[in-house]
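Protein chains in written order, with the numbering used here: chain A, 1159 to 1234; chain B, 2 to 401.
Positions of the beta carbon are idealized from the N, C-alpha and C atoms, including for glycine.
The structure displayed is predicted, hence computed values, not measured ones.
Heads up, the thing below is written out as structure tokens.
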């Protein structure tokens, strides 16, 4: 099934990806962020917060946004 | 107060118009980059056709001249190609549907509690929660997105971050957050995701990304470090210093950092470098209280130098050097002579006599060694050391 996956970390991309039936949000997160912790991200499905065991549906919009990102000082 | 449906639709249309303008600007820019690249390719094609002519006519010198200029053109090609590639990538601006924007605004209201819209300024804003980083209270911040500026080609600064209850860094009123200066956020690692979110018209993701930067402290690259947030500015260099690390100059009554102060060489008090002056006699830096002036010539020098008579105006004739003791003089001269490559040959008896005299004078002061080059007496080149006051022990004369 096709899911719109919006990754707001790193370079940030938005694209449709193929996801097997029955995949949960937690499993999808682990596939794309194997070293990441879900508590460090804002995970939204169809713009709503969901439980980690939510099963993704065809056509869902999944957004992952880091809750901690390092800013910087502008180069002189 | 929640946005009305009319306001949502207005925002959606304003956002779509801005993204359309931005797309148009970027397409123009991509075209200019492409013209640059194709211009270089045309000059290479031109060179190629001339080389063909030179080859047909056997004009080797002309061909060499054509080839001489080519490396510069070829070297610029990769850069031009990358510029075109990047410009084309940035044209990937997709205006969202009105429905998508309305849903984004719904989500922003859920995440931030309220979204406000100023139609005159064409600004959409949200407010973060109270932000405190490492026990420094920074307060709430308003993230204001200007939809008109979003339509510009370089829309990096189409938004502002405005402190609602500013607690700026000491001495830097424009720095209200370690990564915010003059209401401009330096997004650091979030720069590209923010740009992508804005390009896609995902304004809620944009607000969330900005909030993520505001709630994170990057101690390696702040405008002002939090450790220096509540300090004082050095009166000299302007650097912010933590309160515990400040120095007070009693003379000019100002605060300084450690780099801009020094101790008076006489009274040992701290003073800023501006309040310390160099004594021309001893070269040390003293404060105004320890500096005085010569009664004769008025020159400024420290009290100690003045008392020691070190002012330049003191007549040299009045200060004759103390006469040296004869045996000391002889001893010193001998030492200097012994250091030469070709030492003088002195009779041994005379040397011993001088040594005994010197030993009496110096023995009281310190215990020191006297080196006696044996070759000075025509002896083997054995250097023997003996303490002053003891009889010299020298090897016997060389057998000839």
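Check the Cβ-Cβ distances between residue i and every residue of chain A, and say whether any is below 8 Å.
i                      : result
residue 201 of chain B : yes
residue 219 of chain B : yes
residue 209 of chain B : yes
residue 127 of chain B : no
residue 93 of chain B  : no
residue 194 of chain B : yes
residue 104 of chain B : yes
residue 57 of chain B  : no
residue 76 of chain B  : no
residue 14 of chain B  : no
residue 186 of chain B : yes
residue 172 of chain B : no
Rank the options by C-alpha distance to the C-alpha of residue i and give the top, closest one.
i                       : options                           : result
residue 245 of chain B  : B:236, B:258, B:67 and B:237      : B:258
residue 215 of chain B  : B:188, B:39, B:49 and B:315       : B:188
residue 160 of chain B  : B:140, B:136, B:122 and B:138     : B:122
residue 1228 of chain A : B:134, B:107, B:59 and B:202      : B:134
residue 162 of chain B  : B:208, B:138, B:152 and B:11      : B:208
residue 125 of chain B  : B:218, B:241 and B:199            : B:199
residue 120 of chain B  : B:130, B:305, B:145 and B:289     : B:145
residue 52 of chain B   : B:106, B:63 and B:42              : B:63
residue 256 of chain B  : B:232, B:279, B:278 and B:264     : B:232
residue 70 of chain B   : B:22, B:34, B:299 and B:44        : B:44
residue 131 of chain B  : B:274, B:164 and B:293            : B:164
residue 1187 of chain A : A:1178, A:1205, A:1210 and A:1172 : A:1210
residue 20 of chain B   : B:292, B:174 and B:102            : B:102
residue 282 of chain B  : B:61, B:28, B:39 and B:306        : B:306
residue 230 of chain B  : B:268, B:136, B:29 and B:46       : B:136
residue 1178 of chain A : A:1160, A:1205 and A:1206         : A:1160
residue 81 of chain B   : B:190, B:310 and B:36             : B:36
residue 65 of chain B   : B:248, B:23, B:48 and B:76        : B:48
residue 87 of chain B   : B:292, B:28, B:277 and B:184      : B:28
residue 1202 of chain A : A:1192, A:1184, A:1193 and A:1231 : A:1184
residue 277 of chain B  : B:128, B:54 and B:253             : B:253
Just the chain B side, please: which residues come within less than 9 Å of residue i by C-beta, in chain order?
i                       : result
residue 1210 of chain A : Within chain B, no residue comes near residue 1210 of chain A; the closest Cβ sits about 19 Å away, beyond 9 Å.
residue 1200 of chain A : 112, 209 and 213
Counting only beta-carbon atoms, is residue i nearer than 8 Å to chain B?
i                       : result
residue 1234 of chain A : Because residue 1234 of chain A sits at a pLDDT of 44, beneath the cut-off of 50, its placement in the model cannot be relied upon, and the following sentence gives the value as read from the coordinates. Answer no: the Cβ-Cβ gap between residue 1234 of chain A and chain B never drops below 8 Å.
residue 1221 of chain A : yes
residue 1186 of chain A : no
residue 1164 of chain A : yes
residue 1180 of chain A : no
Leaving out the 5 sequence neighbours to the left and right, which residues in its chain are closer than 6 Å to residue i when beta-carbon positions are compared?
i                       : result
residue 285 of chain B  : 266
residue 1162 of chain A : 1174 and 1219
residue 297 of chain B  : 314
residue 17 of chain B   : 96
residue 234 of chain B  : 172 and 241
Since residue i meets chain A, which of its residues come closer than 7 Å, beta carbon to beta carbon?
i                      : result
residue 108 of chain B : 1205
residue 223 of chain B : 1231
Within the same chain, show all residues whose beta-carbon is closer than 7 Å to that of residue i, passing over the 5 residues directly before and after it, in chain order.
i                       : result
residue 1223 of chain A : 1166, 1199 and 1200
residue 228 of chain B  : 243
residue 1225 of chain A : 1198, 1199 and 1200
residue 138 of chain B  : 168
residue 186 of chain B  : 162, 180, 211 and 214
residue 78 of chain B   : 41
residue 223 of chain B  : 179 and 180
residue 261 of chain B  : 235, 237, 238, 273 and 274
Give the interface partners of residue i over in chain B, defined as CB-CB distance under 8 Å, in chain order.
i                       : result
residue 1194 of chain A : Neighbours of residue 1194 of chain A on chain B: none; closest Cβ ~14 Å, over 8 Å.
Could you work out which residues of chain B lie near residue i, taking near to mean beta carbons separated by less than 7 Å?
i                       : result
residue 1228 of chain A : 189, 190, 217 and 219
residue 1224 of chain A : 213
Just mark residue i as buried or exposed, buried being the case when its beta carbon has 16 or more other beta carbons within 10 Å.
i                       : result
residue 85 of chain B   : buried
residue 2 of chain B    : exposed
residue 142 of chain B  : buried
residue 109 of chain B  : buried
residue 218 of chain B  : buried
residue 152 of chain B  : buried
residue 1216 of chain A : exposed
residue 308 of chain B  : exposed
residue 116 of chain B  : buried
residue 201 of chain B  : buried
residue 4 of chain B    : buried
residue 177 of chain B  : buried
Quick one: does the C-beta of residue i sit closer than 7 Å to a heavy atom of the ligand SAM?
i                       : result
residue 1221 of chain A : Summarising the ligand content, the structure contains no ligands, and the ligand SAM is consequently not present.
Going along chain A in order, which residues have a C-beta closer than 8 Å to the C-beta of residue i?
i                      : result
residue 206 of chain B : 1164, 1166, 1221 and 1223
residue 180 of chain B : 1229, 1230 and 1231
Go through its chain and collect everything with a Cβ distance to residue i's Cβ below 8 Å, but skip five positions before and after it.
i                     : result
residue 67 of chain B : 48, 51, 52 and 55
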